[in-house]
Structures are given as structure tokens and as C-alpha cells.
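Have a look at the structure below, then the notes.
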Amino acid sequence: MLRAYFLFDVCHVIIIAGKNPACKHLVFLRLHGCYARHMSQDGPRSMIRILPPAIAEKIAAGEVIERPSSVVKELVENSLDAGATEIAVALEDGGRGLIGITDNGRGMDPESLVLCVKRHATSKLSSLDDLERITTLGFRGEALPSIAAVSDLKIISRPPDAAGAFEVITPHLRPQPVTFGHFLGAPHGTRVQAAGLFSQIPARLKFLKSAGAEVAQVREWLERLALAHPGTGMRLTSGGKTILELRPADERARATAVLGDGDSYPLISAAAETAGMKARFHWLQGMSGPGTRRLVQVVNGRAVRDRMLQSAMMTPFRQVLMPGHFPSVVLFLEVDPSTIDVNVHPTKAEIRFLDSGRVFKTVVSMISEALSRDSSVIVGAPAHDYRPHSGQPRPMAAQEPFLFRSYNSTVPAPPSSTGTLTADIPLPDAAWLFSPERFLGSAMGTYLMYDLGEELGLIDQHAAHERVRYEKILERAIGKEVAHESQQLLLPEAVHFLPEYKKTLEPRLGWLLRMGFEAEIFGEDSLLFRAIPAGFGMQSLRTRLKNLVDRVIENDAAAADGGADPRFDEALFERLASEACHGAIRAGDRITREEATALLEQLFRCKNPWNCPHGRPTMVRIARARLDEWFKRIQ
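Going by this note's numbering, the sequence shown opens with residue -2, and the numbers climb by one from there.
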């Protein structure tokens, strides 16, 4: 009825306006009055509404809890903050049916137990100053309320000085927890159970993966937390079957157990310290694969995934690993809590550094020095891919050192084709072994053969020459000389970038010139290439130049204020030289004994004679015992 009166008023006003156009301002006031009277009588119809608490809680929970691994991460971090030394995680149906976390931490009294499921209830913060220097893994008071909003939550906890345990239950549809009294017989610590995850949110439930995939996600996060806290024992079971069991250990032992999937690999460790920052890393030599699962970052005891740190970790490894492969390495950083911001992501998995450039340079320097300090660091040959540990022994023996590579051949027959890595010859002896007197000849115009006594040595002539050329280019580039001859393009090639990166690229033009790239800034968002290094090749030129520009920007952004740092320069040059290093002897090119001798002399003068710039091995050795086995001379 009220709406009818409103429409009548509007029609009346329109009639007046038609009869007297000069009264338009009066017509507007009349319409405004009609609308105000209508709204006051019939109530407002605003497009913006306050969400009901139940919906708001589920939206907030969705930011923190994405899948079962999110629940496990949050609950295990709570256990670690409570001082637990033993943590057990149990899953049913990949976490959909049940997620259970049991620890031997401090536990909670009844009052704290009731409060812990209320949003923003925390024991970690009391003032804004505390947030500036947070040292605990949790601090927002969002984890348990978020889990309670998307599952049936039950918590049983017993403090060390309590005669019995206490229990709190928060079902999906109850706004307030149901609390019971003493629960006698429970051990000291806390047990949390989340049942029916997302059962009331079908839209979220349908995006979960298979039970096996969810268990794998949980295991990955648990391994990261285990690396960050090696003194805490952790166990994961799924459907009653033990998936992972780690006893308390030191950092090195925990790194070997987690990164190696239970197998033993040589472990390289190093540490560095600058003002206000300590860094150390452990790298499992010979263990690499196509995923970043084993590239772990720990900052102040917090397992994180930071792109800047990943770039810093990968920079020294790029030239010694096969393309697309990642090392098995864990990085530990200890910094002043006031210099990082851990409150930038709902799950606290990402952080920001106040001085990211200094962090980047420290990490790159530490890892680079560790890789170059010892001639035993030879990476990047056919390494073992990541596989779930099957319990079967692997071909690589744990006691084998790792100084000079030797591989079993991968010929189709016999079936055993997995390579074995050995390292029992230092660099000077290796140069002596591959002496001209031991040269047997060339096979297939590709491999130089040497008689090493009880072994057959093979040199990949292309990989060896590429390494020699690469280090010469790198040395000249770092020495600020023109590093590579250029070839002019018939038509300039433009590569576009975001305008804000113009100031980043301008000071790098000289570096590109030393690599053989003649380029200039064109307008506000383009880099015009007029020449490329001789032998660079024209195939997919635009894509390769775009990748080159992206890497220059990526390196500069990661190092922030590190443009003048010589070690940062070297890291950038290595990447550029890898792109420009073409024109080496090719497979199939026949070379003489004298040319082979000259090539080997130059190769063993290189800083890293073991790998080409792309990470492939330059030489392998095949043991006589292996040859005898192939020819059935031994059983």
C-alpha cells in the first residue's frame, strides 16, 4: 500500500513538470520528499548488509583453514608454542573424517580451555608492542575458532599440576562451547580432535583432493615443522598406518632423515653471521628433483614459503643442477623479530623483511662459498628424483664419499641402470688420471675415452668445452670487459615490461652489453634489443629475450639495494653467461689428440670442471667391476 502511494506521488509530480517545465527545481524537491516519506514508512532497502555471525565466522575460517594440512599446521604450531617434545598426528579419510593432534605440552586450565575457542583469544599478545616483536608461532587467536567454525571440535587438556583433564566441545552448529568437568585418566598435555571437516560447507568440501593427496600435503607441512624444530619428536598416522615417525635429533640428523626420505646422503652444511642476522643451511648432496618440496625455509623457528628466500637459495644452484631440478636443502635464519613482519598472510606462511636486500646477499654468499670452498661439491649430474620412501635399499651407498663423480652406465641391458655416485679422487689426481698418455680415442665423435687403470673414463667434449668457454666469459664480464662478440639484428626486437621497472633496467644496460646484448630503453615500458651475442641463435628469440629481462628484474628485486655488491653482480652474470654460452664444440665434431689434450688442460684449470653451465656432468667413470658384470665375467 505504501509503495502504491509513492507511485501516485511520482506520477503527480511528472504531470506538474509536463505542464510547467520552468518548475524543474520544485519537481526535484517534491520527488525527494516523496522518497524520504516512503523510506521512513516502509523502512530502508540498503544494498549493504551486516553478515550474520555464523556466515562471517565461516568466511574468516576459510582464510585460515583451506584443507586438512591447514588444520594440522595450526594445531602443531600451537603444540610447539606449548613446549611439546612429542607430537602425534592422526588422520582418517585424509583428514575429512577426523584430524587428531596429541602433545605433551603445558596444557590448559578450565578457564583457558573455554576461552581458547573464542575468536582473538590468545596468550601470546597483550599490547601492540608485543606484535612488533612476536617470537611465537601463533599469536592471533584465530586458529581454534576457525577450526571450530568448519568442524566438530573437541579439546581435552591437562596442565602438569592438575589432578585431571578438562574437556571442551564445540559442534558445528553451536555458537557456544559445551564444557564438561574433570576427565580423569588423560595424560598431561592436550589432545585436539576435529571431525567432519567442511561437512557443513559443501562448496569447500568438493575442492578437497583425494585422501592420499591430502595426506601428502599434511606430511609435507609436518616435515617442514619437524625441520624447524628438530628437538621435537613427531609422528603421522593415517588410517592407523604410520606414515612418518621422527625422533628428537639435532639439525643435521633431522635434515638427513627428512630431506633424504630416510636414506643417507652426504650432507653439506655452512653458516654465516652478519649484524643482527645468523644464517645456516644443510644440503643433501646428490638428492634433487623437479619439485620444491625439499626447498625448506625456516625464519626464527617458523617454517615459511618466501619467494625472495627461494630465489636466494636457488641462485647458487642454478648452474650446477639440471634444468627444472631443485636441491634438497633447509635454510635457517635468525633475525631480530622487529625486522620482519609475520602478520602479512592469514596462515602466517609468508613474511616480509625490513632489509630484504641484505638477507638475499647473505644467503647467496653463504651457499655460494660453501659450494665453491670444497672441490667435493659437485652437483647437477643425473641426480636421484624424489620418490616416496619405499623401505627398499637404494643403489647409492651411504658410505661413499662425493668428490669425483662416477656413474654406472645407463645402457638398456642389463636392466640395472641407476647411476652410482662416488668421489674418491681429489682434483689434482683427476687431472693426472686424464693425462694424454691415457687417452684412448674418441667414441661417436662425442666422448673422449681414457684408461684410468681399473676404470674407464669418459669426457663429454661439448660439456667440457662449454664449461671452459663459460668461465672465460664470466671472468671477463666480472672484470668489466666486453665479454662476447655481438651480431646485429636485421630488425630490433622489443621486450615489454611494467613501467615501474624502468629504473631497475637502466643501470643494467652495461651488464647486458658485456654479455653481448646491445639494448636500449625505448619509451616507458620497452627494452629494444639491436644486437645479441654471436651464436645466441634466433630460435624462439623473443621468448628467450623476455625470459632474460624477467630474470634481470627478478634478481634486482630480490637483492633490492644490492646493485653495487660484487657477489650479486656475479650471480647475475652467471645467469646471463649461461644464456650466452654457445658456440662450443658440438657432439659429433671430430677432434684430434692434441685438441683433446688442450681441452682437458683448460678444463682442469676451471673453478668447477665437473659440470657444464647447465648442470650436466663433464666426465664419468665406469668401474671395471661393472664392465665385468655386463659381460657376465662375474656373477
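All C-beta atoms in this analysis are idealised placements derived from N, C-alpha and C, irrespective of residue type, glycine included. Every value quoted in this text rests on a predicted model; they were computed, and no experiment measured them.
Exercise. When the distance is taken between beta carbons, is residue 235 closer than 9 Å to residue 195?
Worked result: no
Exercise. Can you tell me whether residue 615 is buried or exposed, with buried defined as 16 or more other CB within 10 angstroms of its CB?
Worked result: buried
Problem set entry | Nearest residue (CA-CA) to residue 248, options 230, 155, 239 | 230
Problem set entry | Residue closest to residue 334, alpha-carbon to alpha-carbon, out of 350, 326, 459 | 350
For this session: Give the DSSP-derived three-state secondary structure of residue 158 in the structure shown.
Result: coil
Exercise. Can you tell me whether residue 70 is buried or exposed, with buried defined as 16 or more other CB within 10 angstroms of its CB?
Worked result: buried
Exercise. When you compare only the Cα positions, how much space is there between residue 618 and residue 435?
Worked result: 14 Å
Exercise. For residue 357, which of helix, strand or coil comes out of DSSP?
Worked result: helix
Exercise. Pick from 269, 264, 272, 276: whose alpha carbon is nearest that of residue 661?
Worked result: The chain is shown only over -2 to 632; residue 661 falls outside these bounds and no answer can be derived.
Problem set entry | Exposure of residue 544, with buried meaning 16 or more beta-carbon neighbours within 10 Å | exposed
Exercise. Just reading off the beta strand (DSSP E) that residue 454 is part of, what are its end residues?
Worked result: It spans 452 to 457 - the beta strand (DSSP E) in which residue 454 sits, taken as one unbroken run.
Exercise. Going by the CB atoms, is the gap between residue 218 and residue 66 shorter than 9 Å?
Worked result: yes
For this session: Would you list the one or two residues that DSSP bridges to residue 608?
Result: 614
Exercise. According to the Cβ coordinates, are residue 267 and residue 275 closer than 9 Å?
Worked result: no
Problem set entry | Euclidean distance between Cα positions of residue 521 and residue 97 | Their Cα atoms are separated by approximately 56 Å.
Problem set entry | Among 208, 93, 603, nearest to residue 465 - alpha-carbon criterion | 603
Problem set entry | Residue span of the beta strand (DSSP E) that contains residue 448, given as start and end | 444 to 448
For this session: Taking all protein chains shown into account, decide if residue 273 is buried (16 or more other Cβ within 10 angstroms of its Cβ) or exposed.
Result: Burial call: exposed.
Exercise. Relative to the C-alpha of residue 112, which residue among 90, 94, 139, 101 is closest?
Worked result: 139
Problem set entry | Cα-Cα separation, residue 212 to residue 63 | 14 Å
For this session: Thinking residue 100 and residue 167 are a contact (beta carbons under 8 Å), I'd like their distance in whole angstroms, please.
Result: Between residue 167 and residue 100 the Cβ distance is about 19 Å, and since that is not below 8 Å, they are no contact.
For this session: Provide the residue(s) that pair with residue 619 in DSSP beta bridges, ordered along the chain.
Result: For residue 619, which the question treats as bridged, DSSP gives the partners 453.
Exercise. Using the C-alpha atoms, what's the distance from residue 453 back to residue 585?
Worked result: 20 Å
Exercise. Any idea what DSSP makes of residue 227, helix, strand or coil?
Worked result: coil
For this session: Take residue 87 as the anchor and find which of 45, 240, 163 has the nearest alpha-carbon.
Result: 240
Exercise. Can you tell me whether residue 358 is buried or exposed, with buried defined as 16 or more other CB within 10 angstroms of its CB?
Worked result: buried
For this session: Please name the residue or residues paired with residue 520 in a DSSP beta bridge.
Result: DSSP output for residue 520 lists no bridge partner at all.
For this session: Please state if the CB of residue 233 and the CB of residue 215 are separated by a distance shorter than 9 Å.
Result: yes
Exercise. In whole angstroms, what separates the C-alpha of residue 410 from that of residue 583?
Worked result: Confidence at residue 410 is low in this model, with a pLDDT of 29, below 50, so the placement of that residue is unreliable and no value is reported for it.
Exercise. Helix, strand or coil: how does DSSP classify residue 330 here?
Worked result: strand
Problem set entry | 9 Å Cβ cutoff, residue 464 in contact with chain C | This model lacks chain C altogether, as it is built from one protein chain only.
For this session: Quick one: residues in its chain with C-beta nearer than 6 Å to the C-beta of residue 456, no 5 flanking neighbours on either side, listed in chain order?
Result: 445, 616
Exercise. In this structure, does DSSP put residue 314 in helix, strand or coil?
Worked result: helix
For this session: Look up residue 275 in the DSSP assignment and give the residues it is bridged to.
Result: 270, 331
Problem set entry | Whole-number beta carbon distance between residue 513 and residue 530, since they are thought to touch under 8 Å | 3 Å
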